[in-house]
Each structure stands twice: as C-alpha cells, then as structure tokens.
Amino acid sequence: MNILAMHGGLVALIAITATASSPAAARGEPGTVAQPSSLLPKMAGWKISDGPTTYTPETLFEYIDGGADLFLQFDFQDLTSATYVNDGVGNDKHRKLSRGSHDSDPSATTRVEITVDIYRHKDAIRAFGVYTQERPAATTPLPIGVEGYAAQDHLEFVVGSYYVKLVQLGSKQMSLLRPFAEKLATSLPGTREPPAVLKVFPERGKLVRAEKLTARDFLGQPFLHNAVAVPYQIAGANFRLFVVEGKDSADVRSMVLRYRSLAKLSAAGADSVGTQGSTTVKDPLNGEVLLQWKGRWLWGAVDQTCAERQALVDELGRNLSGLDK
Amino acid sequence: MSKTKKLQRRDFLKLGAGGLAAGAFSAGCATVVSTQGEKTISAQAAQPPKPAAAAEPAPVKSAEPPRRILGRTGIQVPIVSMGVMNADNPNLVRAALDGGIFLLDTAHGYQDGRNEEMLGTVLKDRKRDSFVIATKVHLSTLDRKTGVLSPETRGEEIEEKLDISLKRLGLDHVDILHLHNQSLRESVLHQSVLKVLERVKRDGKARFLGLSTHKNEPEVIRAAVEAKLYDVVLTSYNFRQDHHLEVQKAVAEAAQAGLGVVAMKTQAGVYWDKEKKSPINMTAALKWALRDPNVHTAIPGFNTLDQLQTDLAVLRDPTLTNDEKRSLEAPKLVGFFCQGCGECLEPCLAKLPIPDLMRSFMYAHAYRNREAAQALLLELGLPESPCGDCGECPVRCAKGFDVRQRVRDIVRLRAVPREFLG
Numbered sequence: 027m028n029i030l031a032m033h034g035g036l037v038a039l040i041a042i043t044a045t046a047s048s049p050a051a052a053r054g055e056p057g058t059v060a061q062p063s064s065l066l067p068k069m070a071g072w073k074i075s076d077g078p079t080t081y082t083p084e085t086l087f088e089y090i091d092g093g094a095d096l097f098l099q100f101d102f103q104d105l106t107s108a109t110y111v112n113d114g115v116g117n118d119k120h121r122k123l124s125r126g127s128h129d130s131d132p133s134a135t136t137r138v139e140i141t142v143d144i145y146r147h148k149d150a151i152r153a154f155g156v157y158t159q160e161r162p163a164a165t166t167p168l169p170i171g172v173e174g175y176a177a178q179d180h181l182e183f184v185v186g187s188y189y190v191k192l193v194q195l196g197s198k199q200m201s202l203l204r205p206f207a208e209k210l211a212t213s214l215p216g217t218r219e220p221p222a223v224l225k226v227f228p229e230r231g232k233l234v235r236a237e238k239l240t241a242r243d244f245l246g247q248p249f250l251h252n253a254v255a256v257p258y259q260i261a262g263a264n265f266r267l268f269v270v271e272g273k274d275s276a277d278v279r280s281m282v283l284r285y286r287s288l289a290k291l292s293a294a295g296a297d298s299v300g301t302q303g304s305t306t307v308k309d310p311l312n313g314e315v316l317l318q319w320k321g322r323w324l325w326g327a328v329d330q331t332c333a334e335r336q337a338l339v340d341e342l343g344r345n346l347s348g349l350d351k
Numbered sequence: 576m577s578k579t580k581k582l583q584r585r586d587f588l589k590l591g592a593g594g595l596a597a598g599a600f601s602a603g604c605a606t607v608v609s610t611q612g613e614k615t616i617s618a619q620a621a622q623p624p625k626p627a628a629a630a631e632p633a634p635v636k637s638a639e640p641p642r643r644i645l646g647r648t649g650i651q652v653p654i655v656s657m658g659v660m661n662a663d664n665p666n667l668v669r670a671a672l673d674g675g676i677f678l679l680d681t682a683h684g685y686q687d688g689r690n691e692e693m694l695g696t697v698l699k700d701r702k703r704d705s706f707v708i709a710t711k712v713h714l715s716t717l718d719r720k721t722g723v724l725s726p727e728t729r730g731e732e733i734e735e736k737l738d739i740s741l742k743r744l745g746l747d748h749v750d751i752l753h754l755h756n757q758s759l760r761e762s763v764l765h766q767s768v769l770k771v772l773e774r775v776k777r778d779g780k781a782r783f784l785g786l787s788t789h790k791n792e793p794e795v796i797r798a799a800v801e802a803k804l805y806d807v808v809l810t811s812y813n814f815r816q817d818h819h820l821e822v823q824k825a826v827a828e829a830a831q832a833g834l835g836v837v838a839m840k841t842q843a844g845v846y847w848d849k850e851k852k853s854p855i856n857m858t859a860a861l862k863w864a865l866r867d868p869n870v871h872t873a874i875p876g877f878n879t880l881d882q883l884q885t886d887l888a889v890l891r892d893p894t895l896t897n898d899e900k901r902s903l904e905a906p907k908l909v910g911f912f913c914q915g916c917g918e919c920l921e922p923c924l925a926k927l928p929i930p931d932l933m934r935s936f937m938y939a940h941a942y943r944n945r946e947a948a949q950a951l952l953l954e955l956g957l958p959e960s961p962c963g964d965c966g967e968c969p970v971r972c973a974k975g976f977d978v979r980q981r982v983r984d985i986v987r988l989r990a991v992p993r994e995f996l997g
C-alpha cells in the first residue's frame, strides 16, 4: 500500500455521499471520468455563458501557457473551463460588464461573471499537491472541500482529484464567490480529507498549512521525486522535515546512492547502502541534509539545524512505520 | 515613487559600476551602457549585435562569459538567463546568481504568486544592482484563445497587479515589466494598456517595458516595434518551430529597431515524442537559439543543479558543435518503430509480449533512454530466459525485425543496476 492507495480508499468512502454525474464517478472508481458538462452544476440565478471547454495535457499550454508545466508534473488529466454569468446582480455597487462579446450593448446589461476552471489530476494526492504549490504562505483556510482559500477576486479549493479555480469579474463582493464555490464543491466527487502522509509529521514546531508536495526534482535533485516537505520553527531555527516515497526499496537505495555520489562520498561507502540506514549528506546546493531510509521511504531534514531536529526526524521515521501497517 | 524615479537611471549606473568595483562576482553584476547617443558608462560594453546577421558568433572560450546588450535598455546580459517559472527552490536561484546568471524571469501568475514570493526571499539578501528582474502581468480581460482584449479592458489592472508583484518581490521597481502572453497586434497596441504602461515606467515602477509572445510571434513582435513604447520582446524561439524563419526575421527587425530580444521555449518541448521517452539535447537546443546574434539572452527553465550546470556550460561556451547540430535532427525511427500489428504473438512459443519488447528495444537504441527501456522490461514480468528453451524461432516480423536477436539483446538490460543506466 502506498500514499496514493491509502488516499484512494478515502476517495471511495467520501464520494458515497457526494452528488456526482455518474454512479461510477461518484464512487471514485479508477479510470472513471465524469463528463465535463456534468462537473458544472446548475446554479440558481446563473447560466453558463461560455464553455464548457476541455483542455488535455497536449492543449493545456494553449490555455495557461508555461504555467502548464506545473500541472503536468502532477499528472494533470484534463481541465474543464466555463464562464457563469449572473445578470441579476446589478446594482450601483457593480460595474457594468459585457466581457467577451464585442457586439453586445455594454449599457444594456449589468452582470457578474465567474470563470470556473476544474483541473482533474490522476488522483487526490496530486490534486492536493499542485494546490500546495500555489497556496499563499499566509492565508486563512476556507472549509471548502479538502481546503480552500480566497484572495481578492479569486478563490481556489481542492476536492478529491479536482483542483478548482474560480475568478470573479464584475464585483468585489466575495460573498458571490464563496457560496458559488461551496455549491460547486458539493457536486464534485472525491475525498474531503488531506493526504494521510501529512499526519506522520510531528506536531511540535510545525508550521500549519505550509506543507508542500513536490512531484519531481525535490531539493533541486533530479533523482528525488514524490516528496512532501513541512517547515518547522523551533528555538529560532527554521528547517524542513521531508518524506520521499520511492517506488520500492531499490528505488530508495538508488536515491541514496546518487545523493552520496553527488556529495562526493566514497564509492566504497556507497556500496554499503542497505534497505535501511541513515547518513548526513553535504549537498552542494542545500547544505547539510539529514537522511534516513527504510523500505520505500526516505525521510530527513534540511536547512537550519537545532538540537531537536534529530529527535523530530526519528519521530517522523517511527510514524512512517505506522503508515505501512 | 519620485525617489525611485530619481534612482532609476543615473544612480543605477553608479551602483552598477560600484558593484563591480566592490568585487562582487563579476559576471553576476548587471552593468548598463547608455544608448541613444549618451556616453557609454561601462568599460565592458559589448558591440551592439548586428541586425539580421545570419553568421554564427565566433566561438567564445574566455573566462568571462559572453554578454550581449539588451537593446535600448543598455543592460549587458549574459546570453543565458533563468526562467524561474518552475523553480521552487531558493537555493537554486542563489546558485544561478552566484554562477553568473543574473537576469531572472518570473511572472505575476506563476504558481499563483508563489514564484515571486520565493524570489523575494532570495533577492532581499542581494544588492539591487546585482540582478535584473523581469516579471509579467496578464490582463484578465484577455481572451486566451483568440488573443483579443475585451472592450472592458482596464489598463489600470496592470498597475494593480504590478503593485502586488513588487510587494511579493520585496522591491520598489522591477527592471522589465512584460505584458504577458500577447498574440494579436491590436492587443499590443491597445491604447488604454499603452497609457498605463507608459505611466508605470514614468513613475519608476518598471525601468523598461516589454511583452511576451508564444503564438503569432512575428505579428506581435512587429507590433511591439510599431508601438514605440516597448523596450524588450520575449518570444518563443526554437529549432522545432515550423515558422522559425519568420520569427528570426521579426526578431532581426526588432533588434534593428533597438528592442532587446529574449528567447524562451528554446527547449522546444523537452522531448521529441509524446510519450516523453526521447529527450531533446537541451544543450544543443539552447545553443541553436543563441546562434542568432539578435537574440540577446535566453531564459531556459531549470529546476535542478544538473540543469543549472548544463546551462552554465552553455553560458561559457555557446558554440554549437557539429555533433550537437546532428542531435537536433529528429530521431530516425525507421528500423526501430514497431507498429504493434501483433502478427508475431501467435507464432511465439513462449508467448512473449514481443511488441512491448520491440518498444523497449527502441527506447534503448533509438532514443538512448535505457531507464525507460528497463522500466518497461520490468513491468512485463518476463521469464528469466525468455528465449532459452526455444530452438529455431518461428516468429517472422512483418517489418523484418530480427525478433529473436532483439529480444535476447534487450532482456539483458534487466540485470543492470539502475544507478548505471543514467
């Protein structure tokens, strides 16, 4: 069982109560894909003015240009995009809008638009991963789906394998955006729980809602992939604890070997890497990196040191063992 | 912003020279030469690039990495800069700066702003004259499919977003502000947009103005020249573009008009194939773009130390070798590509998944990607000696492949330790 499989179980459990486009999609069955239009619920007072348009991994660049790279790293599957419009919001607080239609009469309508982008990833942990890459460092979380946040004219949240972005045009009233997001979230299948691997990180000194998932090139090293890093602050020291999930024990040993090789440790020493162990690597990019590994897990600490760091890494290792049971 | 404005030119020049004198890593300091008839300040000013020159630059193997002047900005830039877009590791940016790459390209929208925040953590510890920062803002009223700006476009949105970007970066001005993702002449020349861009520059929030384009580039580049406001164009430019000769021509016109030219997407999609098994030679692809003297710098993205080292090597010596030229020719799959007709499956006594084995053989020998080849082999669950008990092989491949020989060859890859495959 791996992180992704554990999360899949939650997907199935939670999705039973979710309204979904098809029974199979609601169950979160692997390989089952909801139709784009069915991801977009009817909203009282709103109608879809543009879309839905679907983008695939091959066409996502057409929509978000270079930003597509990040989504592709997290096994992006497809994007459903549509614009909802509400003509009944008009009052003197709202600007007049007729975006996207050159031949309409701007003076005839007063309306608000919400662009909805629903990114579907391979699974829930990857959707949560790309969300953590974009989540602001300091933000108030919203209880929408697994988690969400709002800023200015946009709101973002994650549910199951869906990462959803809403952008509002025509009103600064966030009261329009949030209820819209809450309604949309209930219509999407999938888990409302964060990835289980986050629970293995010790609580002492942990900075909340600051974890970041990295699909590849963790710490700037091409051999470190599928990592979760969580920042800590203890006694004035700032450091990160991290967990890297290998495909198997051999994969993890290969990572350790390559890391040691990069750090110019002896080749003879490298041969002794077993299925579990610990070492400290002098990473030319990141400084001293504390490493431990066992089975398919590699974990450790990076950045500043403090007296408690080793104890936290040990605790992290024990918690990881529990994850495998 | 009046203070910033006053700082904008003369003091920047002074600071730039001071930075050099202070003995900061010499390649890591942004120096400025004046243009438009003003006195040249930097002793290291390079000759302006010759417009539309087709000849390759002379090989450069000096200790000092080659620089080019970024058009009328007068900034001497290293020919390789950093596209920060996908990098989330501040230590990598620090390593790039320390290595002599000092033009950093980001955008308001990258990682929803986290990219600029990450850069801010790095830049707060650096002298302002030791780096050149470019960011981009996009207009929410831009139809990304058509490139049309809607009638409700407010140029003020640019300034509002720039103010947020400056806060994230911890700066009072950026060096280059790009209008993001342009693909139509009319949008480039939008009066409301131009008016605000002009004001932003006048107020000192951006020293120079630019635009980025990755679609319909020739039209957009020419519109940038026509606008007489933009100082820099950031354009897609790579050897796989069907219209790269058109882009080359437009780039030459821009350079001749005094615009700085920055190339992006030089890595041309990174892989030859949709399956991402056949990587493009990144060094060669980058050098290909830099052969054009009207390209003043390129902004390849890099996320790893290895990639940084590759780009630093190009920075020091951008000469495109003959071998590298050849590597930019698409892989010849003739003789390797199995179409999966399946005619081999029935005759095979061992019931081997021969089309998959032929694919693995192609990964290893045509794409030279032995990791992918081995990964596929291990997924197949093959017997220890796939052809071991067979006498004469009854399989006759429709494409004429020597199946038995190829199977025997490729299965040996299973035993090679992964760390030796890279």
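Chains A and B supply the protein sequences, listed in that same order. Take 27 as the starting number for the first sequence in our numbering and just add one per residue. Take 576 as the starting number for the second sequence in our numbering and just add one per residue. Using N, Cα and C, we set each Cβ at its ideal position, and we do this for glycine too. Being a predicted model, the structure only gives us computed values, none of them experimental.
Alpha-carbon spacing of residue i relative to residue j, whole angstroms
| i | j | result |
| --- | --- | --- |
| B:E1078 | B:D984 | Absent from the structure is residue 1078 of chain B, since the part of chain B shown begins at 576 and ends at 997. |
| B:G684 | B:A925 | 55 Å |
| A:A164 | B:Q884 | 34 Å |
| B:R943 | B:D680 | 32 Å |
| A:W72 | A:G114 | 9 Å |
| B:D995 | B:R989 | Per the sequence shown, the amino acid found at residue 995 of chain B is Phe instead of Asp. Spanning the two alpha carbons is a distance of roughly 12 Å. |
| B:H940 | B:C962 | 20 Å |
| A:D340 | A:Y157 | 28 Å |
| A:S213 | A:L98 | 25 Å |
| B:S960 | A:G300 | 28 Å |
Residue i, DSSP secondary structure in three states
| i | result |
| --- | --- |
| A:M69 | coil |
| B:S639 | Strictly speaking, residue 639 of chain B in this sequence is Glu, with Ser absent from that position. Coil, per DSSP. |
| B:K1025 | Because chain B in this structure spans residues 576 to 997, residue 1025 of chain B falls outside the shown range and cannot be described. |
| A:S292 | Because the pLDDT at A:S292 is just 45, under 50, the model does not fix this residue reliably, and the value given afterwards should be weighed accordingly. Note: A:S292 maps to coil in three-state DSSP. |
| B:A782 | Going by the sequence as given, residue 782 of chain B is Arg instead of Ala. Note: B:R782 maps to strand in three-state DSSP. |
| A:D179 | coil |
| B:Q831 | helix |
| A:F265 | strand |
| B:R729 | coil |
| A:D143 | strand |
| A:L233 | coil |
| B:Q842 | coil |
| B:I874 | coil |
Cut-off 8 Å between Cβ atoms - residues of its own chain near residue i, not counting five sequence neighbours on either side
| i | result |
| --- | --- |
| B:Q842 | N813, I855, M857, A860, L861, P875 and G876 |
| B:E731 | V771 |
Member of the options whose CA lies at the smallest distance from the CA of residue i
| i | options | result |
| --- | --- | --- |
| A:V223 | A:R152, A:P78 and A:N264 | A:R152 |
| A:V282 | A:R218, A:L233 and A:F249 | A:F249 |
| A:R284 | B:R987, B:L645, B:T872 and B:P992 | B:P992 |
| B:L741 | B:A709, B:P969 and B:E954 | B:A709 |
| B:I751 | B:A781, B:R642, B:R774 and B:A947 | B:A781 |
| A:Q194 | A:V184, A:L267, A:V185 and A:A176 | A:A176 |
| B:A832 | B:R797, B:L809, B:V749 and B:E821 | B:R797 |
| B:E792 | B:D898, B:V763 and B:A873 | B:V763 |
| B:K852 | B:A950, B:K824, B:R760 and B:R774 | B:A950 |
| A:A261 | A:P220, A:E334 and A:S280 | A:E334 |
| B:E692 | A:L346, A:E219 and A:E160 | A:E160 |
| B:K790 | B:V712, B:R647, B:D817 and B:E735 | B:D817 |
Sequence-distant residues of its chain with Cβ nearer than 7 Å to residue i (five each side left out)
| i | result |
| --- | --- |
| B:Y805 | L784, G785, L786, A799 and L834 |
| B:P928 | L955 |
| A:G171 | F183, V184, V185, A211 and R218 |
Beta-carbon contacts of residue i that lie in its chain and below 6 Å, excluding the five residues immediately before and after
| i | result |
| --- | --- |
| B:P930 | C913 and G915 |
| A:V278 | G272, W319, R322 and L324 |
| B:F936 | R981 and I985 |
| A:I144 | L65, T106, Y188 and V190 |
| B:A947 | K852 and Y938 |
Checklist entry - Should the stretch 201 to 215 of chain A be regarded as contacting the stretch 232 to 243 of chain A, the criterion being three or more beta carbon pairs within less than 8 Å? => result no
Item to check | Segment contact, 8 Å Cβ cut-off, at least three pairs: the stretch 206 to 217 of chain A with the stretch 244 to 258 of chain A | outcome: Segments in contact, no.
Checklist entry - If we count Cβ pairs, one from each stretch, closer than 8 Å, do we get three or more for the stretch 134 to 148 of chain A versus the stretch 102 to 110 of chain A? => result yes
Checklist entry - Are the stretch 300 to 317 of chain A and the stretch 326 to 338 of chain A touching by the rule of at least three beta carbon pairs closer than 8 Å? => result yes
Next on the checklist: With three or more C-beta pairs closer than 8 Å as the rule, is the stretch 224 to 237 of chain A touching the stretch 177 to 196 of chain A?
Outcome noted: no
Next on the checklist: Three or more C-beta pairs under 8 Å: does that hold for the stretch 670 to 678 of chain B against the stretch 711 to 722 of chain B?
Outcome noted: Short answer: they don't touch.
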